[in-house]
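Notes follow once the structure below has been shown.
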Amino acid sequence: MREPARRIRNIVLTGFMGVGKSTIGRLLAQKMEFEIIDTDHRIENEQHRTISEIFESEGESAFRALERDFVIRLGNVTKAVISAGGGLVLDSDNVTSLKKHALIVCLWATPESIYNRVKTQKHRPLLNCDNPEAAIRELLAKREPIYRATSDVLISTELRSANEVVSHVERQFRIARRQSG
Ligand code: S3P
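Just so we're aligned, residue 4 is where the sequence shown starts under our numbering, counting upward by one.
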């Protein structure tokens, strides 16, 4: 089957919780003079509730429906860096929709680095459990094939500075945008 035509004009940063999508996204958007769109923040603003509150009151599936609805509305966006919640690409409809207008860049980190980054944070319902380190390992192993299969570019953030990651993403985007016409 032929892939649908792509006109790449945005960048989606995907990858597991705590890999640095928000930080890299902000720096990248600044450097490229693109708008930054953080899907979690936008959903929270629209809903006037935190992600944790949505999970708690209506469950994960309600949150996934909000994500899906938000992704559809990104169809007309241009010159944006979209920092996607870590589970957003698990829905293949989201990926199909985003691929029409964006390069999908997955940021990668080891479970150890992820745990070190998130261990003091409390806003992620999926890691609010007795053993977040084990939860990260388990969920990351389950999701790894999906992150790999859905991304155009996979970048390890290990041993790279944030600025190096930003430059790498920017270079890949410029090549992809030129090729997609
Ligand atoms: C989730 C990741 C979170 C947020 C929600 C679920 C996930 O975003 O969307 O808690 O399923 O991986 P971050 O990746 O920005 O932490």
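For each residue, glycine too, the CB sits at the ideal point set by N, CA and C.
All of these numbers come straight from a predicted model, not from anything done at the bench.
At a Cβ threshold of 8 Å, is residue i touching chain D?
| i | result |
| --- | --- |
| Arg67 | Although the question refers to chain D, the structure presented lacks it and comprises just one protein chain. |
If we ignore side chains and look at the alpha-carbon of each, how far apart do residue i and residue j end up?
| i | j | result |
| --- | --- | --- |
| Arg71 | Glu59 | 19 Å |
| His126 | Arg10 | 35 Å |
| Asp155 | Gln50 | 31 Å |
| Leu142 | Leu31 | 27 Å |
| Leu91 | Leu16 | 11 Å |
| Phe37 | Glu61 | 34 Å |
| Thr171 | Thr81 | Per the sequence shown, residue 171 should be read as His rather than Thr. Cα to Cα, His171 sits roughly 20 Å from Thr81. |
| Val84 | Asn134 | 33 Å |
| Gln182 | Glu63 | 38 Å |
| His44 | Gly28 | 13 Å |
| Ile178 | Ala87 | 22 Å |
| Asn48 | Ala65 | 16 Å |
| Ile46 | Thr26 | 18 Å |
| Ala152 | Trp111 | 13 Å |
| Gly184 | Arg174 | 16 Å |
| Ile39 | Leu106 | 15 Å |
| Leu162 | Lys34 | 21 Å |
| Asn13 | His104 | 6 Å |
| Thr160 | Thr42 | 21 Å |
In terms of DSSP beta bridges, what is residue i paired with?
| i | result |
| --- | --- |
| Asn13 | Ala105 |
| Ile75 | For Ile75, which the question treats as bridged, DSSP gives no partner whatsoever. |
| Leu110 | Ile158 |
What residue does the beta strand (DSSP E) around residue i start on, and which one ends it?
| i | result |
| --- | --- |
| Asp41 | Glu38 to Asp41 |
| Ala165 | Run containing Ala165: none in the beta strand (DSSP E); it sits in the alpha helix (DSSP H), Ala165 to Ser183. |
| Val156 | Val156 to Ser159 |
| Val84 | Ala83 to Ser86 |
Check for me: the alpha helix (DSSP H) holding residue i runs from which residue to which?
| i | result |
| --- | --- |
| Leu142 | Pro135 to Thr153 |
| Ala32 | Lys24 to Met35 |
| Glu58 | The displayed chain sequence assigns Phe, not Glu, to residue 58. Element bounds for Phe58: Ile54 to Glu61. |
Is it a yes or a no for the segment 166 to 180 touching the segment 131 to 146, going by three-plus beta-carbon pairs under 8 Å?
no
Can we say the segment 140 to 149 touches the segment 41 to 56, given the rule of at least three CB pairs closer than 8 Å?
no
Residues around the ligand S3P, please: the condition is that the C-beta lies closer than 5 Å to some non-hydrogen atom of it.
Met20, Asp43, Ile54, Gly88, Gly89, Gly90 and Arg127
Any contact between the segment 61 to 79 and the segment 112 to 120? By contact I mean 3 or more CB pairs, one from each, below 8 Å.
no
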